[in-house]
Every structure is written in C-alpha cells, then in structure tokens.
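Residue numbers (UniProt numbering), protein chains in the order written: chain A, 1 to 221; chain B, 1 to 221.
We treat Cβ as the ideally placed atom computed from N, Cα and C, and that holds for glycine.
The structure displayed is predicted, hence computed values, not measured ones.
One structure is given here, and the rest of the page talks about it.
Protein chains: 2
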Amino acid sequence: MKQEVGGKVRATLQPGLTNRLTKYLRVTQQLIEEGRDAVSSKELGDFTGINPVQVRRDLNAIGFSGTRGVGYQAYDLVEAVRAILGLKQTYNIALVGAGNLGSAIASSTILPKRGFVIHDVFDNDGDKIGRTVGNIVVKHIDELKKSVGEADEIIGIIATPSASAQEVANLMTDAGIRVILNYTDVLLHVPYNVEVHRIDPTAQLMHTLYYLTQVGGEAAS
Amino acid sequence: MKQEVGGKVRATLQPGLTNRLTKYLRVTQQLIEEGRDAVSSKELGDFTGINPVQVRRDLNAIGFSGTRGVGYQAYDLVEAVRAILGLKQTYNIALVGAGNLGSAIASSTILPKRGFVIHDVFDNDGDKIGRTVGNIVVKHIDELKKSVGEADEIIGIIATPSASAQEVANLMTDAGIRVILNYTDVLLHVPYNVEVHRIDPTAQLMHTLYYLTQVGGEAAS
DNA sequence: CATTGTGAATCAATTCACAGCA
DNA sequence: TGCTGTGAATTGATTCACAATG
Numbered sequence: 001m002k003q004e005v006g007g008k009v010r011a012t013l014q015p016g017l018t019n020r021l022t023k024y025l026r027v028t029q030q031l032i033e034e035g036r037d038a039v040s041s042k043e044l045g046d047f048t049g050i051n052p053v054q055v056r057r058d059l060n061a062i063g064f065s066g067t068r069g070v071g072y073q074a075y076d077l078v079e080a081v082r083a084i085l086g087l088k089q090t091y092n093i094a095l096v097g098a099g100n101l102g103s104a105i106a107s108s109t110i111l112p113k114r115g116f117v118i119h120d121v122f123d124n125d126g127d128k129i130g131r132t133v134g135n136i137v138v139k140h141i142d143e144l145k146k147s148v149g150e151a152d153e154i155i156g157i158i159a160t161p162s163a164s165a166q167e168v169a170n171l172m173t174d175a176g177i178r179v180i181l182n183y184t185d186v187l188l189h190v191p192y193n194v195e196v197h198r199i200d201p202t203a204q205l206m207h208t209l210y211y212l213t214q215v216g217g218e219a220a221s
Numbered sequence: 001m002k003q004e005v006g007g008k009v010r011a012t013l014q015p016g017l018t019n020r021l022t023k024y025l026r027v028t029q030q031l032i033e034e035g036r037d038a039v040s041s042k043e044l045g046d047f048t049g050i051n052p053v054q055v056r057r058d059l060n061a062i063g064f065s066g067t068r069g070v071g072y073q074a075y076d077l078v079e080a081v082r083a084i085l086g087l088k089q090t091y092n093i094a095l096v097g098a099g100n101l102g103s104a105i106a107s108s109t110i111l112p113k114r115g116f117v118i119h120d121v122f123d124n125d126g127d128k129i130g131r132t133v134g135n136i137v138v139k140h141i142d143e144l145k146k147s148v149g150e151a152d153e154i155i156g157i158i159a160t161p162s163a164s165a166q167e168v169a170n171l172m173t174d175a176g177i178r179v180i181l182n183y184t185d186v187l188l189h190v191p192y193n194v195e196v197h198r199i200d201p202t203a204q205l206m207h208t209l210y211y212l213t214q215v216g217g218e219a220a221s
C-alpha cells in the first residue's frame, strides 16, 4: 500500500497516521505561538492523548528526526507535516448562515491560521444580505452555486438553523462541494462522494464523563 | 479488566468502545427524530465511519441484541447505550463568553437534547451582564466560582476571545470544573486532573482533504 | 541525562467468510 | 432474502524494555 517515489514519500498514508499527524501539527503550531522552539514526544503525547512512543514512531515513519535529549524542532516539524499532508495550499470555504454562529466562525482566526479562507458567506434572510460578517459581504443563498464554481470551493460550512440544514446540504452537493462541516444537530443525507463532518461537542463530553463518573472524581491520566 | 456484576454490566469499558458507543447513540437519536424505528449495523457504520461488523460486535458486547433481517430497535438501543454510559442524569454547564459564539451555543438545541444544560453564562463585559442569551441571564465572571459550586457544575465551555482563554481556564479549574470544552485556538495548560477538549473543525478537514487530494477527486468509501 | 529510536510482546480493531435466524 | 452473530486471520496500535546519543 505504501510506495516510495524517489526520495519523496508520496505514499498513501494510513488513515490513523494522517489523523495523528494533524494533531501533532495543531499542537506544535500552538506551541510555536507560545514561543517554543523544540517539542518532545512526551509533550505531543500529553496534548494529543497519543502515546509518546507512537508519536516517535509516526514522526519516524514520515522521515522526520529529532535530537536526543532535546526533542523535535517545532518549526521544521510543522513544515514537514504540512508537506506530507499536502496542506501547503489554501482552501476556499463557503459558509452558509450569517447568524450568531456563522458570524463567530467567520470572525475566528482558527481557520485562516490553518490555511482555510472563508471566501463567501450566504444567507436567505434579506435583512442580512449586503451586511458584512468577518469582513465578508453576505450574499443570497441563490448565488451559492455560481460563487462555489468561481472560487473553486470544495468545502462548505453549514451554520444555519437545523430546519434548513438538509436543504443547504443539497444545494452544496449540487454546487460541487465535497466536504461539509455540519454545525447543526441534523443527520445529513448526502451522496456517497461527499463527506460530512459533524461538529458535535457532546461526543467528547459523553466519552469523558463516562470515565469521570466511573472513577468517582479522581483523575484519569 | 471487565467484570460482570449480577446481570448488569458494570465494568470499566475500553476507551475505544465507549467512544464508538457515543457515536451510535448520536446517530440513532437523530434517526429516531426522522421517524425511524429500526436501524441496521450497516447504517450505523455508514454514518459513523465504523465497520458494520465492529458495530455488531460492540452492541453484542454491551448485551444488546438485534433482530436478523431487520436491525436494532432504535429506541431500545438509545436507552441501552445511555444506561451503559451512565448518561441518564443531566449535567449543568458553565458557559463563559456571551458574544456571538457563546450566544450560538446557548441557543443551540444540541446540548439539551443530550442531557446537558447550560445553567450559567458569564462575561466580563459590563454591557452584557444582565442581558439574556438563550433564556439565561448573563452574570459577571467574578460570580463563576460561587455559581459553579452551587449548581454542581463540572463542565465548562470557553467561548471567549483567544486572549482570555487561559485566564478563564484558570478560573474554571480553581472553581472545580473537571472538563473544559475549548472553542478558542489556544492550547490550554491545566492541572492533570482536568480534561480539555478542543473544538477544532480543521482537524477533520485536514484529514479529509489529504484523501480527497490524494485520490484526485474520486470518492473514498 | 533527558529524550530519541526500536525490537519484541501484547492488545484492540478490522476484515473475511459464513452459519443462523426472522 | 437481508441482516445479525461469530470464528479465524490479519493488520494496526499500544506498551515494555532498553540501547543510543546529542
């Protein structure tokens, strides 16, 4: 399944591995912002919940080496992972829903920091059209297909009321969106070639609370 | 590691299993809302990204049986999983940040549907104190410790600007909060017995885009 | 001397193949 | 016939122990 081409590792990496790499990436980027220079496998493990040994194996697997007694060079690590994951380019995003949630997402720095640009914001409320959220002028939802085509957007975010979510998803898939971030609590039905990710905070809560209540209040790693 | 007490499975389930159970739970709850009665392991697999065989093994492991040719009884499944995970009670949540994001979270139905109640909302902006977001009156952040104690809150949500996030986290841990949902892009430093979950939409994006770009546009499962 | 890098052992997850039942 | 339930094989992840090294 892996194939090496020349010196460059252009393989098809395992799902588990790429998933973990994104975690190392985000943590390391934040540590850099705090002024950190090197990062150890133990730290990466602590912040990601992944075993330090696994961290070392993973970084090794993508051909990235650290220095013993010190750790991994933070900036180089970020670059290496971004290169491996093909995240050197930026992606345009179509955001639908200009209410509180949409405004918050459009104003957040979290997406631009990772190379994602909210390029268009849509709504169906006439009052909101023409206003700006996070420096972007809100367009009418009817323009979605045209805009998505022009800006080559393959990522869409649904931040509408639940009742509109499926309808918006239909518009998005019709317009050629390939990945949907769904902030509503609706289970979207989409074609097989479109991927939906649900932003659901309760997922992690439920899992955590199980252990918290099991052990009766004491810590769990 | 597992121990059965009487007929009831009061074990300490594996992390992987509990994690998967929460996914089955959320999907099944949504399918019920769509009017569904039974759900098959294949459907659960499709919506959660988990192998159908694994789904069946998991449900079997918690002593839940389906009917061949039909699937699993949706309502019973929800009840069984909630019982196993100890999610029959409700949890009070302290939300800090009454801006766009905080308002969106407070108004969302996603938390109450899963047994989580946003019981208090805090901010440090005098203009916002006394206003209501999602039916809750905003209090000053100075009252956090008192309120958390009174309402027995162990879950906190940080929906402030990034600059305030660590400070809020400190207040929360000091007040006895055990689980923090962090909506900012700051890497929070907390005591070992406090668990932080970061709501970061880019995690899933990066992972997905890797495969999307690798295969050049064709579908992946 | 803290931390990387790895072999070997163990445990969990995935997958195949198919029997068994409504 | 469609879906559950499960043995057996395989693959991936975790953990232990420890050598190596900057």
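Rounded to whole angstroms, how far is the Cβ of residue i from the Cβ of residue j, which I believe are closer than 8 Å?
| i | j | result |
| --- | --- | --- |
| VAL133 (chain A) | SER103 (chain A) | 5 Å |
| GLN214 (chain A) | THR12 (chain B) | 6 Å |
| ALA94 (chain B) | PHE64 (chain B) | Their Cβ separation, rounded to whole angstroms, is 34 Å, which puts ALA94 (chain B) and PHE64 (chain B) out of contact at 8 Å. |
| ILE84 (chain B) | ILE62 (chain B) | 5 Å |
| ASP120 (chain A) | SER147 (chain A) | 5 Å |
| VAL55 (chain B) | THR90 (chain B) | At roughly 27 Å, the Cβ-Cβ gap does not stay under 8 Å, so VAL55 (chain B) and THR90 (chain B) are not in contact. |
| THR67 (chain A) | LEU111 (chain B) | About 45 Å separates the two Cβ atoms, so there is no contact after all. |
| VAL39 (chain A) | THR48 (chain A) | That belief does not hold up - the Cβ atoms of VAL39 (chain A) and THR48 (chain A) are roughly 11 Å apart, past 8 Å. |
| ALA159 (chain A) | VAL96 (chain A) | 7 Å |
In the DSSP assignment, what residue or residues form a beta bridge with residue i?
| i | result |
| --- | --- |
| GLU195 (chain B) | B:VAL179 |
| GLN73 (chain A) | A:ALA38 |
| LYS139 (chain B) | B:PHE122 |
| THR132 (chain A) | A:VAL137 |
| PHE116 (chain A) | A:TYR91 |
| THR184 (chain B) | The partner list for THR184 (chain B) (beta bridge, DSSP) is empty, contrary to what the question assumes. |
| THR67 (chain A) | A:GLY71 |
Just reading off the alpha helix (DSSP H) that residue i is part of, what are its end residues?
| i | result |
| --- | --- |
| ALA94 (chain A) | Counting along the chain, ALA94 (chain A) falls outside any alpha helix (DSSP H), though it belongs to the beta strand (DSSP E) covering 91 to 96. |
| ILE157 (chain B) | First-last for ILE157 (chain B): 155 to 158, but that is the beta strand (DSSP E), not the alpha helix (DSSP H). |
| ILE105 (chain A) | 100 to 107 |
| HIS207 (chain A) | 201 to 214 |
| LEU13 (chain B) | Segment: none, LEU13 (chain B) is in no alpha helix (DSSP H) and carries neither H nor E. |
| ILE110 (chain A) | 110 to 113 |
| GLY149 (chain B) | 144 to 151 |
| ARG56 (chain A) | 52 to 61 |
For residue i, which residues in chain A fall below 9 Å Cβ to Cβ?
| i | result |
| --- | --- |
| ARG131 (chain B) | The premise fails here: ARG131 (chain B) is roughly 13 Å from chain A at the closest Cβ pair, so nothing lies under 9 Å. |
| VAL27 (chain B) | LEU187 |
| LEU101 (chain B) | ASN100, LEU101, SER103, ALA104, ILE105, SER107, SER108 |
| LYS113 (chain B) | ASP185, THR202 |
Pull up the distance between the alpha-carbon of residue i and that of residue j, whole angstroms please.
| i | j | result |
| --- | --- | --- |
| ARG178 (chain B) | ILE157 (chain B) | 11 Å |
| ARG82 (chain A) | THR22 (chain A) | 9 Å |
| GLY126 (chain A) | HIS140 (chain A) | 8 Å |
| PRO161 (chain B) | ALA98 (chain A) | 19 Å |
| VAL9 (chain A) | LEU212 (chain A) | Caution applies to VAL9 (chain A), whose pLDDT of 36 falls short of 50 and renders its modelled position unreliable; the value that the coordinates give is listed next. VAL9 (chain A) and LEU212 (chain A): Cα-Cα distance of roughly 41 Å. |
| SER18 (chain B) | ARG114 (chain B) | Inspection of the sequence shows that residue 18 (chain B) is occupied by Thr rather than by Ser. When rounded, the distance between both Cα atoms is 16 Å. |
| GLY69 (chain B) | GLU167 (chain B) | 55 Å |
| LYS42 (chain A) | PRO52 (chain A) | 5 Å |
| GLN30 (chain B) | GLU195 (chain A) | 18 Å |
| ARG131 (chain B) | ASN100 (chain A) | 16 Å |
| SER108 (chain B) | ASN60 (chain A) | 43 Å |
| GLN204 (chain B) | HIS197 (chain A) | 7 Å |
| ALA106 (chain A) | ASP200 (chain B) | 14 Å |
| LYS88 (chain A) | GLN14 (chain A) | 20 Å |
| ARG36 (chain A) | TYR75 (chain A) | 9 Å |
| ILE155 (chain A) | GLU150 (chain B) | 43 Å |
| LEU144 (chain A) | ASN193 (chain A) | 20 Å |
| residue 234 (chain A) | GLY86 (chain A) | Shown here, chain A extends from 1 to 221; a query on residue 234 (chain A) therefore has no answer. |
| ASN170 (chain B) | GLU153 (chain B) | 15 Å |
| HIS189 (chain A) | ASN182 (chain A) | 11 Å |
So residue i contacts chain B; which residues on that side make the cut at Cβ distance below 8 Å?
| i | result |
| --- | --- |
| ILE199 (chain A) | ILE199, PRO201 |
Going along chain A in order, which residues have a C-beta closer than 7 Å to the C-beta of residue i?
| i | result |
| --- | --- |
| HIS207 (chain B) | THR18, ASN19, THR22 |
| VAL117 (chain B) | Those do not exist, as VAL117 (chain B) stays about 12 Å from chain A at its closest Cβ, beyond 7 Å. |
| ARG178 (chain B) | LEU212 |
| residue 305 (chain B) | Examination of residue 305 (chain B) is not possible in this model, given that chain B is present from 1 through 221 alone. |
| GLU195 (chain B) | THR208 |
Along chain B, which residues have their Cβ under 7 Å away from the Cβ of residue i?
| i | result |
| --- | --- |
| ILE155 (chain A) | LEU205 |
| TYR210 (chain A) | THR18, LEU85, GLY86 |
| THR12 (chain A) | GLN214 |
Using a Cβ cut-off of 8 Å, pull out every chain A residue sitting near residue i, in sequence order please.
| i | result |
| --- | --- |
| THR109 (chain B) | SER162, ASP185 |
| LEU31 (chain B) | LEU187 |
| LEU181 (chain B) | PRO201, GLN204, LEU205 |
Using a C-beta to C-beta distance shorter than 9 Å, which residues of chain B count as neighbours of residue i?
| i | result |
| --- | --- |
| THR90 (chain A) | By Cβ distance, chain B contributes nothing, its closest Cβ being about 11 Å from THR90 (chain A), past 9 Å. |
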